[in-house]
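Engineer: So the sequences go chain by chain: W and G.
The numbering of the first sequence is our numbering, which starts it at 3 and goes up by one.
The numbering of the second sequence is our numbering, which starts it at 1112 and goes up by one.
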Amino acid sequence: MATRTAAQPAPAETATAAPSVGAVREQAENWQAFPDPAGHFGRFGGRFVPEALMAALDELTEAYDQARADEGFVAELDRLLATYAGRPTPLTDAHRLTEQVGGARILLKREDLAHTGSHKINNVLGQCLLAKRMGKTRVIAETGAGQHGVATATASALLGLDCVVYMGEEDTRRQALNVARMRLLGAEVVPVASGSRTLKDAINEAMRDWVATVEHTHYCIGSVMGPHPFPMMVRDFQRIIGVEARAQVLDRTGRLPDAVVACVGGGSNAMGIFHPFIPDTAVALIGCEAGGDGVATGRHAAAIAGGSAGVLHGMRTFLLQDEFGQTQVSHSISAGLDYPGIGPEHALLHETGRASYRVVDDAAAMAALALVARTEGILVAIESAHAFAGAFDVARELGPDATVLVNCSGRGDKDVDTAARWFGLLDDAGGAAAGADPRG
Amino acid sequence: MQSRLDERFTAAREEGRSLLVGYLPAGYPTVDGGIAAMRAMVAAGVDVVEVGLPYSDPTMDGPVIQDAADAALRGGVTTTDVLRTVEAVAATGAPVLVMTYWNPIDRYGPARFAADLAAAGGAGTITPDLPPEESAPWLEASAEHGLAPVFLVAPSSSDARIRLVAGISGGFVYAASLMGVTGTRAAVGTQAADLVARVRTATELPVAVGLGVSTGAQAAKVAGFADGVIVGSALVKVLVDAQRSGAGDAAALDGIGRLAAELAAGVRTPVPASA
């Protein structure tokens, strides 16, 4: 079970009686069964939205079911993924990093090399194609780090859709470069000044837009979260990461990896790489939540380690909340992981024990970012750096005979300013850890 | 057995008018200030009070209610304060409903919340993001404590979904007049009358219309086809404006009283639906 801080009371899990873990595990053996037709992953997921959106979610579910069974749709998506997004992405043997860490062989799935610089493009191409197929002319999106916003702006430009991206005011400041990128791509970026001014508030604002514009607008949710069918649909579009990586690792090493490690905010890159490995029960699936200043400080974004079950943004899942069910503000140096919830399928994977979740704090992630840059010449996104930090521990635990697959979900160009401040690399500005050795 | 809420609808129907339902969030500008404002609106003619439970992520609300809820939460309002507010307002004799997003009840525990709400004299709840598909625990708890669980329909609802919602609602069915969030609108669209007509084919329950109603004239128009007229943002805005201008609590209560009286006159002069 997850550890909880003293400040975090035990959850009042009364709304839905929890099935026994054994029963859930038995169900979990057939992964095609998730979610059920109403969008439940065990006791998680579902659709907690205003009635006004129910018709749109039904319409979307039906359109998606038809599209994924339509060879023409699948072929068009595959064509775009190959000729536009740059798939398949490579698998890199991280020799020098492996040597430095001193444990298992570390292999990297290079989603940072996909067009727009992260895995987000996989989902967005799928959803925007679907939006066009449904006759929608406008897409809206929320974004934290800006990667999903950039990907949505990109796909909208490619497919001729109007695009509006909601972004917390705090994040527009942290990720100014991505704001400019989205605007260059023709998208309208709306800074959100309500609530905590971060990703969760951008989602609130996108939902408010959608309820009034649903006739011609598709809400392109960027992670495996929200009301059904989004967690399922986004997982399916991201599954390509794991499908490719599984075949690539088998081809490269002659066997499956011992562990697959990914960072988890909402959890789309993790779900994408985990899902094809779920039946391979000998492969450990490990998600890395953002620990911010540390779970014990209360300033973190670790929904599983420091949260409890509840309802947020249309889904039942683990979230950071107080004793009265008010969402607590999350904290992470990574804007893309700075979210108080987690996708409902991750909640189920945690509860059944099929995946395990660790916490990586800001300092560990930044040290990992520096180490990967210096040993492999890869500047990874701060989000992905959380996966690397977790993978280093896993590699040491498993030892040199093992293989660890890390999802390198995004590149770090957008984070140079944050990293430069953290390590004190700017001549005229002291960083949070000014003078710190980037080698950690 | 008729509840206090049912009796009000029956009596209003006999008087040839609609009920006026007024919404204000608990804890704004303070817990006691909110109670005073709710009492003022009852004194001026509001029949049924919706006590809003301020929530951190109000995805169905426009800027006015967001701002008030934010301020109430910053002021430290809790579910316990909401229940105290219900008790104080129910003492006026008006039926009181709690309007809340689902997670605060989920966290408090549905059975415990139902028990405490009933003990405070509450008549029921309006839960806009709790869909019928997930409502079983709440229906059970509400039934056990004699609370009316009010659910919403929207212009986009299919006839099948209207039957589903109407089938589980208690007290009345809440018809959202338009596709959008809470807030005042220049006019109430034709969607509302169509929706009410569709709901009436599915249920004998009263139908109340909310979203966008802010003036006596709009209330009169809606009263022409609905059993209840729900007003929220316009009332909240009176309090928000008074806070911002520093007009003082007495001026805010006067403003609430004036608007409530105007709306109460509106529901008593229904404009025939054909007009």
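Even glycine gets a Cβ: it sits at the ideal position worked out from N, Cα and C.
1) Within its chain, find whatever has a CB closer than 7 Å to the CB of W/G401; leave out the 5 residues flanking it on each side and keep chain order.
2) Report the rounded CA-to-CA distance for W/V26 versus G/V1340, giving the unit in angstroms.
3) Taking W/P52 as the query, report the chain G residues whose CB atoms sit under 8 Å from its CB, ordered along the chain.
4) Is G/S1269 close to chain W? Criterion is C-beta to C-beta, closer than 8 Å.
5) By DSSP's criteria, W/Q323 is part of a beta bridge. Which residues make up the other side?
6) Thinking C-alpha only, which one of W/S196, W/T319 and W/A375 is nearest G/Y1166?
7) Alpha carbon to alpha carbon, how far is G/A1182 from W/Y359? Give it in angstroms, no decimals.
8) Hey, W/A153 and W/T118: beta-carbon distance below 8 Å or not?
9) Please decide whether G/T1189 counts as near chain W, where near means a Cβ-Cβ distance under 8 Å.
10) Which residues does DSSP list as the beta-bridge partners of W/F425?
11) Can you give me, in chain order, the residues of the region 1303-1330 of chain G that have a beta carbon less than 7 Å from any beta carbon in chain W?
12) Just curious, the beta strand (DSSP E) that W/C222 is in, first and last residue?
13) Which residue's Cα is closest to the Cα of G/D1168: W/L371, W/F43, W/K202 and W/E78?
14) What residues in its chain sit with their C-beta under 6 Å from that of W/A96, if we drop five residues either side in the sequence?
15) Hey, out of G/E1244, G/F1283, G/W1213 and G/N1214, whose CA is closest to G/S1114's CA?
16) If the criterion is Cβ atoms closer than 8 Å, does the pair W/V167 and W/V191 meet it?
17) Could you tell me how far apart the beta carbons of G/A1137 and G/V1175 are, in whole angstroms, since I believe they sit closer than 8 Å?
18) On the three-state DSSP scale, how would you describe W/L109?
19) With 8 Å as the threshold, decide whether the Cβ of G/L1130 is near any Cβ in chain B.
20) In the DSSP assignment, find the unbroken beta strand (DSSP E) run with W/V266 in it and report its ends.
21) How close, in whole Å, do the beta carbons of G/V1349 and G/G1323 come, if the pair is a contact with beta carbons under 8 Å?
22) Is there at least one Cβ from chain W nearer than 8 Å to G/G1338's Cβ?
23) Does the beta carbon of G/Y1219 come closer than 8 Å to any beta carbon on chain W?
24) Mind listing which residues of the region 309-331 of chain W have their C-beta closer than 9 Å to chain G's C-betas, in chain order?
25) Is there a Cβ of chain W sitting closer than 8 Å to that of G/P1260, yes or no?
26) Please report how far the alpha carbon of G/L1116 lies from the alpha carbon of G/R1369, in whole angstroms.
27) Please look up how many angstroms separate the CB atoms of G/M1210 and G/A1371, rounded, as I've assumed it's under 8 Å.
28) Just verifying my parser: in three-state terms, what is the DSSP assignment at G/P1239?
29) Under a three-way DSSP split, which group does G/A1375 fall into?
30) Measuring straight from C-alpha to C-alpha, what distance separates G/A1358 and G/V1132?
31) With a cut-off of 8 Å, does the C-beta of W/T18 fall near any C-beta of chain G?
32) Counting along the chain, where does the alpha helix (DSSP H) carrying W/A178 start and finish?
33) Excluding sequence positions up to five away, which residues of its chain have a Cβ less than 6 Å from the Cβ of W/A272?
34) Judging by CA-CA distance, which residue of W/G228, W/V374, W/E217 and W/L339 is the nearest neighbour of W/R49?
35) Have a look at G/A1303 and G/V1320 and give me their C-alpha separation to the nearest angstrom.
36) Among the candidates W/E61, W/A303, W/A77 and W/A40, whose CA atom is the shortest distance from the CA of W/V361?
Structural biologist: This is what the structure gives:
1) In the first sequence, counting from the first residue as 1, residue 401 of chain W sits at position 399. Within the same chain, Cβ atoms closer than 7 Å to the Cβ of W/G401 are found at G105 and A106, the five residues on either side in sequence being excluded.
2) Within the first sequence, the letter at position 24 stands for residue 26 of chain W. Within the second sequence, the letter at position 229 stands for residue 1340 of chain G. Because the pLDDT of W/V26 is 49, which lies under 50, any placement of that residue in the model is unreliable, and the question is left without a value.
3) Taking the first sequence and counting its residues from 1, one reaches residue 52 of chain W at position 50. W/P52 reaches chain G at T1170, M1171, P1239, D1240, L1263, A1265 and A1287, counting residues in chain order whose Cβ is nearer than 8 Å.
4) On the second sequence, position 158 is the one that residue 1269 of chain G refers to. Contact of G/S1269 with chain W is assigned, a C-beta pair being separated by under 8 Å.
5) Taking the first residue of the first sequence as 1, we reach residue 323 of chain W at position 321. Looking at the DSSP assignment, W/Q323 forms a beta bridge with W/T329.
6) Numbered from 1 along the second sequence, position 55 holds the residue referred to as residue 1166 of chain G. Closest by alpha carbon: W/S196.
7) In the first sequence, residue 359 of chain W corresponds to position 357, counting from 1. In the second sequence, residue 1182 of chain G corresponds to position 71, counting from 1. If you draw a straight line from the Cα of W/Y359 to the Cα of G/A1182, it comes to about 36 Å.
8) As a working mapping, residue 153 of chain W is identified with position 151 in the first sequence. As a working mapping, residue 118 of chain W is identified with position 116 in the first sequence. The answer is yes: Cβ separation under 8 Å.
9) As a first step, residue 1189 of chain G must be located in the second sequence, where it is residue number 78. Closer than 8 Å to some Cβ of chain W, the Cβ of G/T1189 qualifies, so yes.
10) On the first sequence, residue 425 of chain W is found 423 positions in, with the first residue counted as 1. In the DSSP secondary-structure assignment, W/F425 is not bridged to any residue.
11) Nothing from the region 1303-1330 of chain G brings a Cβ to less than 7 Å from some Cβ of chain W.
12) Taking the first sequence and counting its residues from 1, one reaches residue 222 of chain W at position 220. Unbroken run through W/C222: none, as it is neither H nor E.
13) Here residue 1168 of chain G is taken as the residue at index 57 of the second sequence, counted from 1. Of the listed residues, the one whose Cα sits closest to G/D1168 is W/K202.
14) What you label residue 96 of chain W is simply residue 94 of the first sequence in a count that begins at 1. Taken in chain order, the residues that qualify are I108, L110 and E378.
15) Taking the second sequence and counting its residues from 1, one reaches residue 1114 of chain G at position 3. Checked all of G/E1244, G/F1283, G/W1213 and G/N1214; the closest Cα to G/S1114 is G/F1283.
16) The residue you call residue 167 of chain W lines up with position 165 of the first sequence. The residue you call residue 191 of chain W lines up with position 189 of the first sequence. In contact: W/V167 and W/V191 (Cβ atoms closer than 8 Å).
17) Locating residue 1137 of chain G in the second sequence gives position 26, counting from the first residue. Locating residue 1175 of chain G in the second sequence gives position 64, counting from the first residue. The C-beta distance from G/A1137 to G/V1175 rounds to 16 Å, too long to meet the 8 Å contact threshold.
18) By one-based count along the first sequence, residue 109 of chain W stands at place 107. Here W/L109 sits in strand by DSSP.
19) The structure shown contains no chain B; its protein chains are W and G.
20) As a position in the first sequence, residue 266 of chain W is number 264, starting the count at 1. That run of the beta strand (DSSP E) goes A261 to V266.
21) As a working note, residue 1349 of chain G is residue 238 in the second sequence. As a working note, residue 1323 of chain G is residue 212 in the second sequence. In this structure, G/V1349 and G/G1323 do not form a Cβ contact; the two beta carbons are roughly 16 Å apart against a cut-off of 8 Å.
22) Translated into the one-based positions of the second sequence, residue 1338 of chain G becomes position 227. Per the sequence shown, the amino acid found at residue 1338 of chain G is Asp instead of Gly. At a cut-off of 8 Å between C-beta atoms, G/D1338 does not count as an interface residue with respect to chain W.
23) One-based indexing of the second sequence puts residue 1219 of chain G at position 108. Yes, its Cβ sits closer than 8 Å to a Cβ of chain W.
24) Listed by position along the chain: S310, A311, G312, V313, L314, H315, G316, R318, L321, Q323, D324, E325, F326, G327, Q328, T329, Q330 and V331.
25) As a first step, residue 1260 of chain G is located in the second sequence; it is residue number 149 there, counting from the start. So no, G/P1260 is outside the interface.
26) Position 5 of the second sequence, counting from 1, holds the residue named residue 1116 of chain G. Position 258 of the second sequence, counting from 1, holds the residue named residue 1369 of chain G. Each residue's Cα considered, the two are about 24 Å apart.
27) Within the second sequence, residue 1210 of chain G is the residue found at index 99, counting from 1. Within the second sequence, residue 1371 of chain G is the residue found at index 260, counting from 1. Their Cβ separation, rounded to whole angstroms, is 17 Å, which puts G/M1210 and G/A1371 out of contact at 8 Å.
28) Numbered from 1 along the second sequence, position 128 holds the residue referred to as residue 1239 of chain G. Three-state result, G/P1239: coil.
29) Taking the first residue of the second sequence as 1, we reach residue 1375 of chain G at position 264. Three-state DSSP puts G/A1375 in a helix.
30) Mapped onto the second sequence, residue 1358 of chain G falls at position 247. Mapped onto the second sequence, residue 1132 of chain G falls at position 21. Looking at the two C-alpha atoms, the distance is approximately 26 Å.
31) Locating residue 18 of chain W in the first sequence gives position 16, where the first residue counts as 1. Caution is warranted here: a pLDDT of 44 is assigned to W/T18, below 50, making its placement in the model unreliable, and the coordinate value is therefore given only provisionally. Closer than 8 Å to some Cβ of chain G, the Cβ of W/T18 qualifies, so yes.
32) Along the first sequence, read from residue 1 onward, the residue named residue 178 of chain W stands at position 176. Judged by DSSP secondary structure, W/A178 falls within the alpha helix (DSSP H) whose first and last residues are A178 to L186.
33) Walking along the first sequence from the start, residue 272 of chain W turns up at place 270. Cβ within range, chain order: A264, V266 and G289.
34) Taking the first sequence and counting its residues from 1, one reaches residue 49 of chain W at position 47. Measuring C-alpha to C-alpha distances from W/R49 to each of W/G228, W/V374, W/E217 and W/L339 identifies W/G228 as the nearest.
35) Within the second sequence, numbered from 1, the residue matching residue 1303 of chain G stands at position 192. Within the second sequence, numbered from 1, the residue matching residue 1320 of chain G stands at position 209. As the crow flies, the alpha-carbon of G/A1303 is around 7 Å from that of G/V1320.
36) Reading the first sequence from its first residue, position 359 is the one you call residue 361 of chain W. Nearest neighbour of W/V361 by Cα position, chosen from W/E61, W/A303, W/A77 and W/A40, turns out to be W/A303.
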